[in-house]
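For reference, the structure discussed in these notes is given below.
Residue numbers (this note's numbering): 13 to 383.
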């Protein structure tokens, strides 16, 4: 049996103010739809025996009508092709109040679709293969109950486990989100063995073990993911041969910090012209200038910097003055949105007792919700 495993498609995600002229959509929102479409086209070409989506189909528990339409149209294509589609809900799309219902109730109506979204363990038998599913559970007690409900049926030819969360074995694979689900090593915990474990939530492609894998996301939601690939996995359960399929997505580039000590504004512009090349074209780019002298900082024109990088999709600028101490608040040539300003501030915090990455991601979640 050949599986196709993908996850974290985050349909409906939008960012920045760029509009796609052809569709009128937020361009980043369209980027996520384009990535999704690439995977769907590959599914219909590869025609795997089963498709597995390991959570975070949508970016929010109340997706827009557009995001719902994009998802349902594609899932119908898979259903009509006779390809079984197993999907679980992730933390992003699980409602905080279960009584409000879930969009997965509609997805589950399709033929050949097996959806787990109720915060409990569910098992589906497809072609003599058992698929053991644990979606995002809002409460620790729910997760524990779900884990203790896992049962291996000896009559199954093979067993596939699907879940969404931060794997907490020897290494912790978390995203720093306040409601992420911490997953134990279920095989070690309960003494069971699966032929394959399909994980979602962590946005990077990782093999925890040969048969325990994060497929990664299909698009990047943060500059912290600038060096990660986007795509999906195919797995042959008979010989455990895996293949990663990378898809085309908008590039993210973190330029090396530019030391501006003793440089004039003109000299800084000259060096920036050398940095603005083909790799920054249509990319989301982070630019950090350090050691800027006070008199140069006054003369530095943010609009001139923007013009140098006119070929980028979005330029995130971070400017440090030479007079600033290492733990001073980051100064910029303009005030951005609250999440962006908070991320800039967190980049300057040097307290080693703090889990900076986790704190920064939590702050970003809360500020984004506030905005």
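Virtual Cβ for every residue (Gly too), placed ideally from N, Cα, C.
> Which of the three DSSP states, helix, strand or coil, is assigned to residue 311?
Replying inline: Three-state DSSP puts residue 311 in a helix.
>> Does residue 264 come out as helix, strand or coil in the three-state DSSP assignment?
In response: Assigned with DSSP and collapsed to three states, residue 264 falls in strand.
> Quick one: Cα of residue 144 to Cα of residue 183, how far?
Replying inline: So the two alpha carbons sit approximately 23 Å from each other.
> Does DSSP put residue 316 in a helix, in a strand, or in coil?
Replying inline: helix
> Between residue 142 and the rest of its own chain, which residues show a CB-CB distance below 8 Å, the 5 nearest in sequence each way excluded?
Replying inline: 135, 136, 164, 165, 168, 170, 171 and 172
> With DSSP run on the structure shown, which of helix, strand or coil describes residue 297?
Replying inline: strand
>> Please tell me whether residue 187 and residue 160 are closer than 8 Å, where the distance is taken between their beta carbons.
In response: no
> Quick one: what does DSSP say residue 343 is sitting in, helix, strand or coil?
Replying inline: With a pLDDT of only 44 at residue 343, under 50, the local geometry of the prediction cannot be trusted, and the value read off the model is given with reservation. Residue 343 falls in the strand class under three-state DSSP.
> In the DSSP assignment, what residue or residues form a beta bridge with residue 151?
Replying inline: Beta-bridge pairing links residue 151 to no other residue.
> Ends of the alpha helix (DSSP H) at residue 117?
Replying inline: 116-119
>> Do residue 278 and residue 327 count as a contact pair if the criterion is CB distance below 8 Å?
In response: No.
> Comparing alpha-carbon positions, which option in 252, 217, 254 and 84 lies nearest residue 238?
Replying inline: 217
> Roughly how many whole angstroms lie between the Cα atoms of residue 273 and residue 281?
Replying inline: Answer to the nearest angstrom: the Cα atoms are 14 Å apart.
> Under three-state DSSP, which class holds residue 102?
Replying inline: coil
> Mapping DSSP to helix, strand and coil, what is residue 34?
Replying inline: Coil, per DSSP.
> Buried or exposed: where does residue 337 fall if 16 or more other Cβ atoms within 10 Å of its Cβ makes it buried?
Replying inline: Per-residue confidence for residue 337 stands at a pLDDT of 47, beneath the threshold of 50, marking its modelled position as unreliable; no derived number is given.
> Is residue 318 buried or exposed, if buried means 16 or more other CB atoms sit within 10 Å of its CB?
Replying inline: By the neighbour-count rule (16 or more Cβ atoms within 10 Å), residue 318 is not buried but exposed.
> My guess is that residue 102 and residue 67 are in contact by the Cβ rule of under 8 Å, so how many angstroms apart are they, rounded?
Replying inline: Going by Cβ atoms, the distance from residue 102 to residue 67 rounds to 3 Å, so yes, they are a contact pair.
> With distances taken between CB atoms, is the gap from residue 19 to residue 240 smaller than 8 Å?
Replying inline: When the beta-carbon positions are compared, residue 19 and residue 240 stay at least 8 Å from each other.
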